[in-house]
Each structure stands twice: as structure tokens, then as C-alpha cells.
Amino acid sequence: MNNQITLTYLDYDDLDALQVVSVVSFYESFIDGADPLDMQEYLQTQLTTEILAVELAQSTSKFIGIKDHQILIGYMKVNDEKDAIEIQRIYLLKDYQNKGLGQRLLDEANRYAKTKQKRYLRLAVYEKNHAAIRFYERYGFKKIGIKHFLLGKQDRICPILEKEI
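In full-length UniProt numbering, the protein residues as written are 1 to 165.
Okay, structure coming up:
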């Protein structure tokens, strides 16, 4: 399988696939305990092709995709901050999780951060996503704070994790 798995920087040609992977991955990650109407509204208003197109155009952000036989199966959105690269999203379709692909994305984020001469990688992860938290901790991330993410009326707590490069 791995010889057909490629990392690539995404652009407007990838917009439709990016939107599908965003919706499916967000749903899989956050549906636990969510109000279905809140979830539906978020997916229909926050992960649209219009919003993703604006994000793709931002000079301080990059979308790094992971493809299987040229089909987008996940991606990572990174943002250039003062002293860090923030991983705003790291989405991987469920069928491709636990196959070392998240590691490949993090390795690329680390490489990208070094080219930008940053000191840290930083991200936030939903507190109930225990598998993801364990994964990031194995990669060397440590909790430095929390942030709140509103999904409809529900306040989701997300630890902020950071790793020195």
C-alpha cells in the first residue's frame, strides 16, 4: 500500500476532495455526544468549498494532503505563527488510521516548521479523542493549555499541545 501513498501540497484543483474529507473526518471525530442539528449546521456552514477556498488562498497557511493512488484520504492544515507552526487540522479518513500515515503528516509538519525556522509545533485536539492525544504524546507533544471549541451550544474542551522542534 505505502508505495501508492503520497504527500502533496494541495491547491484549488483539490478543493472538492478537500471538502469531502473535511466533512467526513470532522463528523467521525466530533459526532460522539453531539447534537445532530448542531453537527449538521457546522458541516453546512464551516466546511464549505467557499470557506476552504478562502483558506487555501491564505499565504500563511498550507494544506498538505495525503493521497492513496491519487485519491485524497486525509490532510493537514498548517498555519505560520510567530514562533511555531500550528497544525490547525489533521484529518485522516478512519479506514487509513493506525497505518503510520498520521506519523508521515507530522514528520512533514516538523520538516516544514524547520524550513520556516520555527521553534515549536502546536495543535489542539478534542479531549475525548483519546487515541489522538496518545498519538501526539508519543510524538513528543506536551499539554500547555486548553481552548474551547463551540459545536452549536456544546462547549468542547481541547487541550493545546506543543512540541519543541
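Cβ coordinates follow ideal geometry from the N, Cα and C atoms, glycine included.
Since we're looking at a predicted model, the values are computed, not measured.
- Own chain residues within Cβ distance below 8 angstroms of Val21, not counting five before or after: If we look at Val21 and ignore the five residues flanking it on each side, its Cβ neighbours are Leu72, Ile73, Gly74, Tyr75, Tyr91, Leu93.
- Query: Applying the criterion that 16 or more other CB atoms from any shown protein chain within 10 Å of the CB defines a buried residue, is Phe141 buried or exposed?
  - Reply: Buried, by the Cβ-count rule.
- Return the CA-CA distance between Ile133 and Ile146, expressed in angstroms with no decimal places. Cα-Cα distance, rounded: 13 angstroms.
- Query: With respect to the beta strand (DSSP E) encompassing Ala57, which residues constitute its N-terminal and C-terminal limits?
  - Reply: Unbroken run through Ala57 is the alpha helix (DSSP H), 49-57; no beta strand (DSSP E).
- Query: So Ala113 is in the alpha helix (DSSP H); what residue range does that whole segment cover?
  - Reply: Element bounds for Ala113: 101-115.
- Query: What did DSSP end up calling Lys94 once you bin it into helix, strand or coil?
  - Reply: Three-state result, Lys94: helix.
- Item | Exposure label - Ala113; buried when at least 16 CB within 10 Å | Flag for Ala113 reads buried.
- In the DSSP assignment, what are the bridge partners of Phe149? For Phe149, which the question treats as bridged, DSSP gives the partners Arg156.
- Report yes or no: is there a C-beta of chain D within less than 8 angstroms of the C-beta of Asn98? The structure shown contains no chain D; it is built from a single protein chain.
- Task: Answer yes or no: do Leu121 and Ala109 have a C-beta to C-beta separation smaller than 8 angstroms?
- Result: For Leu121 and Ala109, yes; Cβs fall inside 8 angstroms.
- Query: On the premise that Asp80 lies in contact with Arg119, defined as a C-beta separation below 8 angstroms, what is that separation, rounded to the nearest angstrom?
  - Reply: Contact between Arg119 and Asp80 is ruled out by a C-beta separation of about 13 angstroms, above the 8 angstroms threshold.
- Task: Quick one: measure Cβ to Cβ for Leu18 and Leu10, integer angstroms, because I've assumed they're closer than 8 angstroms.
- Result: Leu18 to Leu10, Cβ: 6 angstroms. Contact.
- Item | Close Cβ partners of Pro36 (< 6 angstroms) along its chain, the five nearest in sequence each way excluded | None.
- Message: My output table needs one value for Asn129: the three-state DSSP class, helix, strand or coil.
- Response: Coil, per DSSP.
- Would you kindly report the start and end of the unbroken beta strand (DSSP E) that includes Tyr12? Unbroken run through Tyr12: none, as it is neither H nor E.
- Determine, using beta carbons only, whether Leu106 and Ile66 come nearer to each other than 8 angstroms. Going by C-beta atoms, Leu106 is not nearer than 8 angstroms to Ile66.
- Counting along the chain, where does the beta strand (DSSP E) carrying Asp38 start and finish? If you look at Asp38, you'll find it isn't in any beta strand (DSSP E); it sits in the alpha helix (DSSP H) that goes 36-46.
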